Every structure is written in structure tokens, then in C-alpha cells.
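Participant: Below you will find the structure I want to go over with you.
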Amino acid sequence: MCSLALFPPPPAPGDVTLYEFNNALVSGHIYEKLPLAFQDQLADLPVLTIPKETLKAHSRLEHSTKPAFIHHQETLWKRCLNAWRDVGMCGVLNEIANAEEADLQWMKTGSRWALALCHWVSSLHGSLFPHLSLCSEDMIAEFSQAVDWAGCSIRAFAWHPHTSKFAVALLDDSIRVHNTNSATIPILKHRLQRNVASMAWKPLSASILAVACQSCVLLWHLDPTSLSTRPSSGCAQVLAYPGHSPVTSLAWAPSGEMLLSASPVDTSMLVWDVSTENCVPLQWFGGGGVTYLAWSPDGSKVLAATPSAVFRVWEAQMWTCERWPTIKGRCQTGCWSPDGSRLLFTVLGESVIYSLSFSEYSGEMQGQVGGSKTASIVADLSETTFETLYGEERIGGEVHSMVWDPSGERLAALVRGNPETPESRTIIAVFRTRNSPVFELLPCGFLQGEPGAEPQLITFHPCFKKGALLTVVSAALFFGISSRGSQLRHSEAGGFLNTVLLPPATHPYRPSMTEEQERSPQITRLQQRGWLCGCWEWGLRVPLP
Numbered sequence: 393m394c395s396l397a398l399f400p401p402p403p404a405p406g407d408v409t410l411y412e413f414n415n416a417l418v419s420g421h422i423y424e425k426l427p428l429a430f431q432d433q434l435a436d437l438p439v440l441t442i443p444k445e446t447l448k449a450h451s452r453l454e455h456s457t458k459p460a461f462i463h464h465q466e467t468l469w470k471r472c473l474n475a476w477r478d479v480g481m482c483g484v485l486n487e488i489a490n491a492e493e494a495d496l497q498w499m500k501t502g503s504r505w506a507l508a509l510c511h512w513v514s515s516l517h518g519s520l521f522p523h524l525s526l527c528s529e530d531m532i533a534e535f536s537q538a539v540d541w542a543g544c545s546i547r548a549f550a551w552h553p554h555t556s557k558f559a560v561a562l563l564d565d566s567i568r569v570h571n572t573n574s575a576t577i578p579i580l581k582h583r584l585q586r587n588v589a590s591m592a593w594k595p596l597s598a599s600i601l602a603v604a605c606q607s608c609v610l611l612w613h614l615d616p617t618s619l620s621t622r623p624s625s626g627c628a629q630v631l632a633y634p635g636h637s638p639v640t641s642l643a644w645a646p647s648g649e650m651l652l653s654a655s656p657v658d659t660s661m662l663v664w665d666v667s668t669e670n671c672v673p674l675q676w677f678g679g680g681g682v683t684y685l686a687w688s689p690d691g692s693k694v695l696a697a698t699p700s701a702v703f704r705v706w707e708a709q710m711w712t713c714e715r716w717p718t719i720k721g722r723c724q725t726g727c728w729s730p731d732g733s734r735l736l737f738t739v740l741g742e743s744v745i746y747s748l749s750f751s752e753y754s755g756e757m758q759g760q761v762g763g764s765k766t767a768s769i770v771a772d773l774s775e776t777t778f779e780t781l782y783g784e785e786r787i788g789g790e791v792h793s794m795v796w797d798p799s800g801e802r803l804a805a806l807v808r809g810n811p812e813t814p815e816s817r818t819i820i821a822v823f824r825t826r827n828s829p830v831f832e833l834l835p836c837g838f839l840q841g842e843p844g845a846e847p848q849l850i851t852f853h854p855c856f857k858k859g860a861l862l863t864v865v866s867a868a869l870f871f872g873i874s875s876r877g878s879q880l881r882h883s884e885a886g887g888f889l890n891t892v893l894l895p896p897a898t899h900p901y902r903p904s905m906t907e908e909q910e911r912s913p914q915i916t917r918l919q920q921r922g923w924l925c926g927c928w929e930w931g932l933r934v935p936l937p
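Going by the numbering used here, 546 is the number at position 154 of the sequence shown; the sequence numbering is gapless.
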């Protein structure tokens, strides 16, 4: 079992990760001159300039058009019809109970009793699932894969599965689409695009982006040849279902034929046929909702986490599922191996990484999930004290998010510090992995950004051919020098983007000295490319082996 005690010490204060050589991450100052071998291997990343002071979160969220119209007296039945459409049965009972008509006293009394019963059942349900008492924004922040969804300028990030294009969801609910091959930056805005929690590009498609919003799923159809920077709202397809909000997680089938959406208040996850805008609810009572979805790369299985101490794995042919209870808390995050045979996941309240292996069935056994009965612990990330030249440093804690690169050779885990220990901080731990013939998880090192930077989101580029390209979205509060001049600039809890590349290796664990010199992952920082939310953007890249 791997543990943080096997990791090398973290970089010194003020240093950043520059490159990896001989299976060790090398750190130094961000302005250090790079080795000549790396200077012509800089990644062609787009320049991001998103000052946070230009972003303004919405002060209020209207769930209907009712406040926009002048109030006038309507009949009770018309009010009940509107309440049924907006709220449901409780809204109808509330309208009848508070009706001013004097000749409906018996109906008003019965409605009050029924409403009291509904409130009692709701409070009982809320005691079993406390997250239902949270407001929508707090609920999204609780289950988001971003560390500080409510406070960071960047709330969601998504690479396109086939091109060097990505979407960034910002604090003001706008989405910007950046493409390395185009200077045009479309900005997506829609009246229903509120509280964006997740985004996902459709596989095998040029420009279809699914966005998880407060009340629905928006499906943006973007013309890749268009020069427009403000696509109209007519380019967005609205997918909505009663009781399915807020939407916190999305997952496309690798074939692009189906889209899954999940909400913490809905016990069903929805399988959408986007061409017809129809969906099939996959109902499974218990768990209190669905918080996180992850479709396996081979398309055979889906991880569905819940707000309670249980998660499920669905097989995507007959749509049967198996459930695994946890001990301390809910499943926080999970990721699949490239062949879909192994699931790594973490549990809220525990500082370990679990592993589940899955078998492939055929014939009469086809349609079964085939998971192992119990999960095994493959990594212990409990708080560990490192003795450095600058004193003791404590690192470790719960894993907030975790990503596995498409080649299956690198695993990155965003480890949150212990909130009770002021010296403990959030850091990214990188592992070297191998899934066959036997599963191995070995330490690689800690990634560290600029001083004051707190990592928020991590993801691997899904189609980078030269290795594993890790993208880190960070938030910071510090002074820095822009690459375009010597002027000092100030950042207020903004966000910026780092990319780290680890090249492919046929045998990344025990190579010979010659192979080690030829294939050792070597990471170099990219030239500073402007400012994102007041902070600089930099990337890391290596030459081909």
C-alpha cells in the first residue's frame, strides 16, 4: 500500500514545480531559465485574461416569471393550477389553506391538516438526509468537485475530448470557450444558465457542450467555423425534468449517444436522448439523491455517488446496478482505469484511496456489474509530517477530487489539508500507476504552484498525444509581475490555470539507466502568457521521448 510517508518532501516555500527528471519532481523559482532541451518544447496554450473585478455574481435567482408581472386577483382554481405547475402538491394545499373565499371553510381546514402532514413528512425526510435543508447554492458547493465553488472565479472546467479546446465557467455564470487554433473566444450566456456546477463536451462531436445549471441542463450547439463571440440563446437546447434540480453532475457515454444528469434532491439519475429531448429516469430508492457521475472510458459502467453512505455502479447494457455501503461517509470522488476494469474512489471523512476491480461477463452472465465484493485500500493519505530545511511541514488529509490520465500511467489526487491544523494546506499528489498485469500505485511527488495559490480543480487533457497533460485551476491572493511588463498587479481571490505534462513511458517504474535517461518524465514551465483573474498563467511541458 502506498502512503504519503513514501513521497519525497514537498517543494520549498516559494518554489514551484518545474520539471520531472529520473522519476523525481524538480522545483525552483518560476523565473529560472529552463534547460536548452526544453526551450523549443513550449505548449501552445491560449492566453487567458479574466480579471475577477469584471465578474459579478447574480444577487438573486428567480425561479419563475411571476415577479415580472403586476399582481391581479385570480380565481382559486387558477391559482391552484399555477401553484401545481410551480411548486407541486404542497403549493396547491398552501393556496387552498390561505384562500380568502369564505365558502370553502371545510376545504381550508382539510388542506391545513394535509399541509401539516406534508411538513412532518418533509422534516422526517430532512432528518434522514440533512443536505435537503440546504439552499441550492450551498448544496452545489457541498457536492462540487471544486474545492471552493462559491468563492473561486472559475467554477467548472472541461477539455474537449478530441481537440485542444476547453470551456471555463465563471463566477458570473458566463462560459468562455478557448481554442488553441482560433483567436475567437465565444462567451455563452443564457437566462437559465445559473449556478453552473459542471460541464461536459459531447464525444465524437465538434462543438456540443452540456452545462449543469440550477434548474436544467443546457446543451450548447456551437459552430466551430463561426466568428461570433456571443452565440444567441437559440443555440442552447434546454433539457428539464420536474424535481431534477439543482443539477450537479453530468456524464456523456463515450459513444456520445446518451447523456446522464444527476441532482442531490432526485433519487433518479436521468438518461437523456438529446435528439428527442426525452429522458428515462433510473429510479433507485434510498441514498437521498445522486451527487456525482463517472462513466467508464469503455462505456460499460457508470459510478453514481449519493449524499449518504452508499454508492452504486450501473452497467450500461441492461442498466442493472450493485451497491456498496461505506462506513464513515459518502463517496466523494472516483475515477476509472482506461479499460474500465478498476474503479478508484474516496470517502468523505477518510484519508485513503479505495480500489474496486470488475470482471467482464458474457453469455448468460452478461448484464451483471461483476464488481468485487469488498474494496481494498491502495493508498493512505493521512496527515504526515515532513522534516525539511525550512522546518516541519504537515501534508495529508481527505481527497477532494481525483483524476486518472487516459494512458493509465498517472493519477493525480487533490488532497485537502486538515482544517484543524493551520499549517496544513491543500496540495496535489501525483502517483505513477500501472493496471496490468497487476495493479501498482507508486509515489511520484507533490505539485506546487505559485505562493498563495490554492488548487481548486484538476483534470487531464483527454487527447494529448505526447503524455499526460494535467490542468490545474487555482485561486490565489498575492502580488505578481505580469509577463508583459514590469508592472505589479494585485489579485483578489482570482483563479489561474497551470498545466503539467508527464510523457508516456512503456515501463515507468523500474527502467534501466539508459531507458531512464531517455524516457524520464521531464516537465518544464511554459512562458508566462498573460493574466487570468489578475494572476499569471503558466504551463509545464516536456520533449518527446
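Every residue gets a Cβ at the ideal spot worked out from N, C-alpha and C, and that includes glycine.
Note that the structure is a prediction, hence the values are computed from the model and not measured.
Assuming I422 and E785 are in contact, meaning their beta carbons sit under 8 Å apart, how far apart are those beta carbons, in whole angstroms?
Facilitator: With a Cβ gap of about 20 Å, I422 and E785 do not count as contacting.
Participant: Which residues in the same chain have their Cβ closer than 7 Å to the Cβ of S528, if we skip the five residues on either side of it in sequence?
Facilitator: N587, Q606, P638
Participant: Can you tell me whether E784 is helix, strand or coil according to DSSP?
Facilitator: Annotated three-state conformation of E784 is strand, per DSSP.
Participant: Take T777 and list the residues in its own chain whose beta-carbon comes closer than 6 Å to its own, dropping the five residues that flank it on each side.
Facilitator: Excluding positions up to five away in sequence, the list reads E784, R786.
Participant: Could you tell me the distance, in whole angstroms, from the CA atom of K857 to the CA atom of L596?
Facilitator: 17 Å
Participant: Which two residues bound the contiguous beta strand (DSSP E) that contains L834?
Facilitator: 832–839
Participant: Looking only at DSSP bridge pairs, what is C394 linked to?
Facilitator: Its beta-bridge partners are A771.
Participant: Just the Cα atoms here: how many angstroms apart are K827 and W796?
Facilitator: Looking at the sequence shown, residue 827 is not Lys but Asn. Approximately 11 Å between the Cα atoms of the pair.
Participant: Taking the runs of the beta strand (DSSP E) that are 3 residues or longer, which of them lie wholly in the segment 554–602?
Facilitator: 557–562, 567–571, 590–593
Participant: Tell me the rounded alpha-carbon separation between P405 and V539.
Facilitator: So the alpha carbons of these two residues sit roughly 22 Å apart.
Participant: Compute the distance between the beta-carbons of A860 and R802, then report whether it is under 8 Å.
Facilitator: yes
Participant: Per DSSP, which one or two residues make a beta bridge with D665?
Facilitator: N670
Participant: When you compare the segment 655–675 with the segment 617–628, are there three or more beta-carbon pairs, one atom per stretch, that lie closer than 8 Å?
Facilitator: no
Participant: Is the distance from the Cβ of L398 to the Cβ of P835 below 8 Å?
Facilitator: A Cβ-Cβ contact shorter than 8 Å links L398 with P835.
Participant: Identify whether L806 lies in helix, strand or coil by the three-state DSSP scheme.
Facilitator: strand
Participant: Would you identify the three-state DSSP class for W796, choosing helix, strand or coil?
Facilitator: strand
Participant: Could you pull out every residue in the same chain whose Cβ sits closer than 6 Å to the Cβ of R504, ignoring the five residues on either side in sequence?
Facilitator: A489
Participant: Can you have a look at N670 and say buried or exposed, based on whether 16 or more other CB atoms are within 10 angstroms of its CB?
Facilitator: exposed
Participant: Is the distance from the Cβ of I745 to the Cβ of A805 below 8 Å?
Facilitator: yes
Participant: Between the alpha carbons of S747 and S816, how many angstroms are there, rounded?
Facilitator: S747 and S816 have their alpha carbons spaced roughly 26 Å apart.
Participant: Kindly give me the distance between the Cβ atoms of L740 and C394, rounded to whole angstroms, as I take these residues to be in contact under 8 Å.
Facilitator: Incorrect: roughly 21 Å between the Cβ atoms, too far for contact.
Participant: I need the DSSP call for E707, collapsed to helix, strand or coil.
Facilitator: strand
Participant: Which of the three DSSP states is assigned to T621 in this structure?
Facilitator: coil
Participant: Restricting to Cα atoms, I'd like to know which of T780, V864, Y782, T813 is closest to I820.
Facilitator: V864
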